[in-house]
Amino acid sequence: MNTINIGKIYGFDYLRAVCCILVVAIHSNISGLFWGYENIYEFIVYNIFNLAVPIFMQTALVLFFINRQKYPNYFWNKRLFKIIKLYLFWGMVAHIFNLIFNNAIYTNFLSQSITWRSLISFIIEDGYGNPFYFFSCLLFMTMLAELVVMLIEKTRIQAEFIIYPGLILSCITVFLLPLIPEIIGTQFKTIVEVANPLNFIPYVFSSFLITQCLIKKKQANDTYQINYLQIFVLLFMIVIFIFIEWKFFSKPFVWEDHKHFSLSVYTRLSLVFSAWLVTLVSMKISSIPQPIIKLFSDLSLGIYALHTFIYIFLQKLIIGIVPDQTYLPILLFTMTLITATFSTKVVRNFRIFQDVV
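The working numbering puts the first residue of the sequence shown at 13, with every later residue one more than the last.
Right, here's the structure in full:
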């Protein structure tokens, strides 16, 4: 990697703000308002809401590559322990919450014969602490990113000869993953679940290429010239894979028991190229974010982590009180977002929690 001097990337503030709101929206089931319009519902869920986590992953990896270039020991001195701390802290919070409100998941887990597959799933999913699989996947992807950089540095091979083959192979892997349960059997259906780290490998290589784009300007706030050929290629790939996914991978038997699961969540290349495109375009933003955007961006980690607990609590509290269930998803979404934002703001006032919230 070349020497870079990159300032604040304002576009990432917008992405974090929007994506944390999208995560709250999908988990509070606001998309259920469109159940009567199946095509609209599925487009919103699978092609918009499901972009939130991939974009979080993409921006985190881009920032890692930037910091890794500035500080060669960044992974070992800071990033590795930061992610492990997040994984352990929020896993502990999830365990405490589940033991109090949903201890059946532990009873069911212990009552079954524990296999290596179930144990690995339990660890990756941080004890079924949705949405904390993100931290374990981020840990794996950051480790892979560090290995990629080390390989480039140690071998002195041109980065393109490592990055492009890696991108192609990882994209082929993601494309083929949904076919494995179809061919071999449903016992391998965990391969297409959201917590499978293999879903996110392409983002390591696309993030490296995005970082290379940033090298072309001295600071991220300078005027960023969009490569329209690259944008066109990404748009073309998005359209092609959206068509393929809905045409050939829609409603396979692997998840047919889930009423509203038409596609795998993250095992889709349309999301890889969509996140890539959105991240590239966001770098064109050079204006300082408005206070409301900056607020959500700064608190996005806490909102992402706390909203699930808050939603479950509010759902139990409100669902029997509100007589008109029609707009219940909007009410739950609004209250969850406001409460998660306020709670994060309060908790971050305590110094001990500032690194994990």
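Beta carbons are placed, not taken as given, at the ideal position from N, Cα and C, and that holds for glycine.
Three-way DSSP call (helix, strand, coil) for residue i in this model
i: Ser218; result: helix
i: Arg91; result: helix
i: Phe362; result: coil
i: Gly44; result: helix
i: Met388; result: There is no way to answer for residue 388, as the model of the chain reaches only from 13 to 369.
i: Ile315; result: helix
i: Lys1; result: Nothing about residue 1 can be reported from this structure: the residues present for the chain run from 13 to 369 only.
i: Lys259; result: helix
i: Ser276; result: coil
i: Asn239; result: coil
i: Val161; result: helix
i: Ala72; result: helix
i: Ile21; result: coil
i: Gln302; result: coil
i: Asn51; result: helix
i: Ser171; result: One point to set straight first is that residue 171 is Ala, not Ser, in the sequence displayed. Three-state DSSP puts Ala171 in coil, outside helix and strand.
i: Pro190; result: coil
i: Asn208; result: coil
i: Val105; result: helix
i: Asn110; result: helix
Exposed unless 16 or more other CB atoms sit within 10 angstroms - verdict on residue i
i: Leu349; result: buried
i: Phe61; result: buried
i: Arg370; result: Lying before the first or after the last residue shown, residue 370 is absent from the chain, which here runs from 13 to 369.
i: Tyr240; result: exposed
i: Asn208; result: buried
i: Ile184; result: exposed
i: Gly44; result: exposed
i: Tyr323; result: buried
i: Leu163; result: exposed
i: Leu159; result: exposed
i: Phe113; result: exposed
i: Arg91; result: buried
i: Ala232; result: Here the model assigns Ala232 a pLDDT of 46, short of 50, so the residue's position is not dependable and the matter cannot be decided.
i: Tyr339; result: exposed
i: Phe220; result: buried
i: Glu50; result: exposed
i: Pro177; result: exposed
Pick from the options that is closest to residue i, judged by C-alpha positions
i: Ala371; options: Gly23, Asp25 and His39; result: In the structure displayed, the chain extends from 13 to 369; residue 371 sits before or after that span and is not available.
i: Tyr145; options: Phe101, Ile222, Phe345 and Phe113; result: Phe101
i: Val368; options: Val105, Asn41 and Lys82; result: Val105
i: Phe212; options: Leu226, Cys225, Leu189 and Ile227; result: Leu189
i: Lys280; options: Leu313, Ile33 and Phe187; result: Inspection of the sequence shows that residue 280 is occupied by Arg rather than by Lys. Checking every option, the nearest Cα to that of Arg280 belongs to Phe187.
i: Phe308; options: Asp25, Lys20 and Ile21; result: Asp25
i: Ile243; options: Tyr215, Ser294 and Ile42; result: Ser294
i: Gly23; options: Phe253, Ser298, Lys357 and Ser355; result: Ser298
i: Leu275; options: Leu246, Leu313, Arg363 and Val206; result: Val206
i: Val35; options: Phe354, Ile192 and Phe345; result: Phe345
i: Lys20; options: Cys149, Pro84, Leu226 and Thr154; result: Leu226
i: Ala157; options: Val30, Pro84 and Glu54; result: Pro84
i: Met155; options: Lys328, Phe173, Trp88 and Gln366; result: Trp88
Residue-chain proximity (residue i, chain C), Cβ-Cβ < 9 Å
i: Pro84; result: The structure shown contains no chain C; it is built from a single protein chain.
Supposed close pair residue i, residue j - CB separation, criterion 8 Å
i: Leu292; j: Ile222; result: 6 Å
i: Pro66; j: Ala317; result: No, Pro66 and Ala317 are not in contact; Cβ-Cβ is about 18 Å, not under 8 Å.
i: Leu151; j: Ile96; result: 7 Å
i: Phe68; j: Phe321; result: Not confirmed; about 19 Å, so no contact.
i: Tyr215; j: Leu73; result: 6 Å
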